[in-house]
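Below is one structure, written out as structure tokens; comments come after it.
In UniProt numbering, the protein residues as written are 1 to 159.
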């Protein structure tokens, strides 16, 4: 059975991150963008990270430029924007595609494990969120319109 531990990703600093190192943590994996109507969700994601981080919770942000070209910046520009505007301290990864032929294998797996509305596999927009339990299994998918604070109860249940 595949779990998040079967994937490696690249951080926004160009380093390889083996997600097996995240086993034992509850994760919220999010495709993000800096010029989106949902961009203010960075603040809520940071609050979740600060509120639950010491209990084994982590947010992993994956910038994505596939939706309306709303994440055009470089890794450094994205990180600076997130820190200055929303105080983001949770880990940001390298920019990825979440749909199509060049989609990140991680996001292909997340979409299979937790399809969207009416069984849709595709991610429809920025700030789609996937909650992953301590064993590395996908628990739930949240729509871009689901504000981070709404997810707090589900995080609590897994911690």
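All residues carry an ideal CB built from backbone N, CA and C; glycine is no exception. Every value quoted in this text rests on a predicted model; they were computed, and no experiment measured them.
Short Cβ contact (8 angstroms threshold) for residue i with residue j
i, j, result
"residue 130", "residue 110", "yes"
"residue 48", "residue 155", "yes"
"residue 138", "residue 113", "yes"
"residue 62", "residue 32", "yes"
"residue 58", "residue 107", "no"
"residue 141", "residue 128", "yes"
"residue 135", "residue 3", "yes"
"residue 81", "residue 87", "no"
"residue 132", "residue 29", "yes"
"residue 77", "residue 35", "no"
"residue 26", "residue 56", "yes"
Nearest neighbour of residue i, chosen from the options [CA to CA]
i, options, result
"residue 67", "4, 125 and 151", "125"
"residue 149", "84, 159, 46 and 100", "46"
Continuous beta strand (DSSP E) stretch holding residue i: start and end
i, result
"residue 130", "129-132"
"residue 18", "16-18"
"residue 27", "26-32"
"residue 141", "138-142"
"residue 10", "8-10"
Where the alpha helix (DSSP H) containing residue i begins and where it ends
i, result
"residue 154", "148-158"
"residue 112", "105-113"
* Indicate whether the contact test is met: 3 or more Cβ pairs, each with one atom in the segment 35-45 and one in the segment 10-22, closer than 8 angstroms. => No, the segment 35-45 is not in contact with the segment 10-22.
* Complete beta strand (DSSP E) runs within the segment 42-87 (minimum length 3 residues, chain order) -> Those beta strand (DSSP E) runs which fall completely within the segment 42-87 and span 3+ residues are 57-63.
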